[in-house]
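Undergrad: The structure's right below; bear with me while I get my questions together.
Numbering (the working numbering), first residue to last: 1305 to 1702.
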């Protein structure tokens, strides 16, 4: 499990920080969200993220704990049916409801299909399919279907998301069967990543993609956490208005939103996730516009903590990571719980927002609960069909 956590941290560090750093060093820094460039804030964000994550890796490496490999527990192939059904269901409801435009406007929020989707999280099901189900499946087919679903849904992280499958799998016994094939898929799949990025962007309604330089700059800009980290630090160092940040990221405000996420109905005043207000906080958008439209931009954990606690953020980040690993050790005998926890660890580091993390955790948990209910039902149906198959009506009347 330690290998899986370290691999995810390294992934964040390399893909979202070091590769953009190298690109900016040789090509130059071109912002994709605003026209603002503040190099002191950019350097500071780079230092905060790198130092926090590197120190976390060092502490984990020196922790004297046994490496646990988790064994699969689900007999047969009940997850295979659920997994492919979830992808088909998600794609059908996505296009019937109006596609990406409906998604960003919140038109599907509260719908029956949106509620059912909470119990059919394709990413969670993919992890369970590969690493908790005992009977082996075609890993390439499963991954291709997932990438197809993600891309057709307008997400630009199709190929990239498979890295998490690869890293999370390191905690499981099934990794020795699937690891090599996933690595091969990633090797060749990365060549398709720019094309899939363009297609997903067009799906979002953006038609003005022109030129190779534009495409590369957009890809690097979306990969990088540095520009989105630079803007809050610029506001902080220049003593600009941060009232909206402290209001929306207030602990009690986030707690209220978390409670409303978990319970039916609306107990507190309705609001969108704090990360949806990022553009209003730092990019000049109106609150009403980001409230009515999906405008999510996220803090990384070190930057969020810095805005709250200054340079103590480095220590707090390490404590978060080590604490998370200790929680994993507590549940080392429960593969379903490990799947849930590891599937949200990346969000904890890269897409930090308590409400968003809880939403991901909630969906993964509901999916696992549904899987546990479905497995005995699946076995029962299988037994009934097996009996019907060998049932001879003429013999019963003799």
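Positions of the beta carbon are idealized from the N, C-alpha and C atoms, including for glycine. Predicted, not measured: the structure shown is a model, and the values here were computed from it.
Which of the three DSSP states, helix, strand or coil, is assigned to residue 1374?
TA: Strand.
Undergrad: Going by Cα to Cα distance, which pick from 1568, 1523, 1611 and 1606 is closest to residue 1552?
TA: 1611
Undergrad: Sort out for me which residues DSSP pairs residue 1471 with in a bridge.
TA: Residue 1471 is not bridged to any residue.
Undergrad: Looking only at C-alpha atoms, which of 1634, 1638, 1545 and 1661 sits nearest to residue 1647?
TA: Among 1634, 1638, 1545 and 1661, the Cα nearest to that of residue 1647 belongs to 1661.
Undergrad: Which residue spans inside the segment 1533–1557 form an unbroken alpha helix (DSSP H) run of at least 4?
TA: As far as the segment 1533–1557 is concerned, its whole alpha helix (DSSP H) runs of at least 4 residues are 1547–1552.
Undergrad: On a CA-only basis, which of 1619, 1587, 1558 and 1445 is nearest residue 1574? Give me that one, please.
TA: 1558
Undergrad: Looking only at its chain, what residues have a beta carbon closer than 7 Å to the beta carbon of residue 1522, apart from the 5 residues adjacent to it on each side?
TA: 1336
Undergrad: Does the segment 1672–1690 come close enough to the segment 1418–1433 that 3 or more CB-CB pairs lie under 8 Å?
TA: yes
Undergrad: First and last residue of the alpha helix (DSSP H) that includes residue 1445?
TA: 1443–1456
Undergrad: Among residues of its own chain, excluding the 5 on either side of residue 1609, which ones have a beta-carbon nearer than 7 Å to its beta-carbon?
TA: The beta carbon of residue 1609 lies closer than 7 Å to those of 1617, 1620 and 1621 in the same chain, with the five residues before and after it left out.
Undergrad: Where do the ends of the alpha helix (DSSP H) carrying residue 1275 lie?
TA: Given that the chain is displayed from residue 1305 to residue 1702, the structure contains no residue 1275 and the question cannot be resolved.
Undergrad: Which two residues bound the contiguous alpha helix (DSSP H) that contains residue 1319?
TA: From DSSP, residue 1319 is part of no alpha helix (DSSP H); its letter is neither H nor E.
Undergrad: Count Cβ pairs between the segment 1519–1537 and the segment 1481–1490 that sit closer than 8 Å; are there 3 or more?
TA: no
Undergrad: Grab me the residues of residue 1305's own chain with a C-beta within less than 6 Å of its C-beta, minus the 5 sequence neighbours each way, in chain order.
TA: 1372, 1475 and 1632
Undergrad: Going by beta carbon distance, what residues of the same chain come within less than 7 Å of residue 1595, once the five residues before and after it are set aside?
TA: 1576
Undergrad: Would residue 1653 pass as a contact of residue 1316 if the rule is Cβ separation under 7 Å?
TA: yes
Undergrad: In terms of alpha-carbon separation, which member of 1395, 1534, 1443 and 1454 lies closest to residue 1470?
TA: 1443
Undergrad: Roughly how many angstroms separate the alpha carbons of residue 1630 and residue 1392, rounded to a whole number?
TA: 37 Å
Undergrad: In chain order, what residues of the same chain lie with their CB nearer than 7 Å to the CB of residue 1570, ignoring the 5 residues before and after it?
TA: The residues are 1564.
Undergrad: Rounded to whole angstroms, what's the CA-CA distance from residue 1412 to residue 1378? Just pull it up for me.
TA: Interpretation of residue 1412 is limited by its pLDDT of 48, a score under 50 that renders its predicted location unreliable; the figure taken from the coordinates is listed afterwards. The alpha-carbon atoms of residue 1412 and residue 1378 are separated by roughly 33 Å.
Undergrad: Would you check if the segment 1635–1649 and the segment 1351–1367 touch, i.e. whether three or more CB-CB distances between them fall below 8 Å?
TA: no
Undergrad: Cα separation between residue 1537 and residue 1348?
TA: 8 Å
Undergrad: From residue 1383 to residue 1341, what does the alpha carbon distance come to, in whole angstroms?
TA: 48 Å
Undergrad: By DSSP, does residue 1570 sit in helix, in strand, or in coil?
TA: Three-state result, residue 1570: coil.
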